[in-house]
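Residue numbers (the working numbering): 2 to 211.
Every residue gets a Cβ at the ideal spot worked out from N, C-alpha and C, and that includes glycine.
Worksheet for the structure shown next.
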């Protein structure tokens, strides 16, 4: 009967994971829809009330034991968006400290998302962008940038962000990364390639595209 017990346990375990995934999808659907709308610019206006409500729904799901990488990505986005919405503020003021703390929370969540989905280029790009906003061009930044470039340089939705990070750091990024960026620009679609070339020129970088 050992095999029968094992089969029952396996079936029960599988059913639990299916039910858990279904619960996660249902309980976070409205919050994830709101975040997706904010990402692509089609969602409702981001007010303090809607931001807090959306964050709390996602945090609740996270607290219930979900190890869903997208949940971490979404929370990272919320903190990053709130941080950037503060705008330019004096570095010796309280608003600046709040802004940086929010971006640090974004970095923490993106870091976890990358650990859960180590080949997903969007999470690596988001992590690199958040570190770039904090001007933390350390080993973690370059590691995230390299992974984003490795897995995402052919993703049209990421190429602009990769270029915006790369060109201001052109002189310190090394020849290997420069070659990969040139390859990315060369193979980008026409409109995006023009945008990337303009971004490079604005940063004082003259690319030679064959």
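Element boundaries [alpha helix (DSSP H), containing residue i]
i, result
"residue 138", "Premise fails: residue 138 is in no alpha helix (DSSP H) and is neither H nor E."
"residue 207", "Here residue 207 belongs to no alpha helix (DSSP H), and DSSP marks it neither H nor E."
"residue 118", "Taken as a continuous stretch (DSSP letters only), residue 118 belongs to no alpha helix (DSSP H), as it is neither H nor E."
"residue 156", "Counting along the chain, residue 156 falls outside any alpha helix (DSSP H), and DSSP gives it neither H nor E."
"residue 89", "Run containing residue 89: none; DSSP gives neither H nor E here."
"residue 233", "Here the chain comprises residues numbered 2 to 211, so residue 233 is not present and cannot be evaluated."
Span separating the alpha-carbon of residue i from that of residue j
i, j, result
"residue 158", "residue 198", "16 Å"
"residue 109", "residue 77", "8 Å"
"residue 112", "residue 44", "26 Å"
"residue 162", "residue 182", "12 Å"
"residue 207", "residue 172", "12 Å"
"residue 210", "residue 133", "26 Å"
"residue 75", "residue 121", "14 Å"
"residue 180", "residue 57", "43 Å"
"residue 195", "residue 64", "45 Å"
"residue 55", "residue 84", "16 Å"
"residue 185", "residue 178", "10 Å"
"residue 35", "residue 100", "22 Å"
"residue 37", "residue 30", "10 Å"
"residue 118", "residue 125", "9 Å"
"residue 42", "residue 175", "35 Å"
"residue 141", "residue 115", "12 Å"
"residue 105", "residue 164", "23 Å"
"residue 193", "residue 47", "28 Å"
"residue 94", "residue 103", "15 Å"
Beta carbon proximity, residue i to chain C, threshold 8 Å
i, result
"residue 59", "Considering every chain present, this structure includes no chain C. It has just one protein chain."
Collapsed DSSP secondary structure at residue i in the structure displayed
i, result
"residue 133", "helix"
"residue 45", "coil"
"residue 148", "helix"
"residue 191", "helix"
"residue 37", "helix"
"residue 60", "helix"
"residue 68", "coil"
"residue 94", "coil"
"residue 54", "helix"
(request) Could you say if the region 146-161 and the region 121-130 meet the contact criterion of at least three C-beta pairs nearer than 8 Å? (result) yes
(message) Three or more C-beta pairs under 8 Å: does that hold for the region 66-80 against the region 89-97?
(response) no
(request) Decide yes or no for the touch test of the region 198-208 against the region 166-173: beta carbon pairs closer than 8 Å, at least 3 of them. (result) yes
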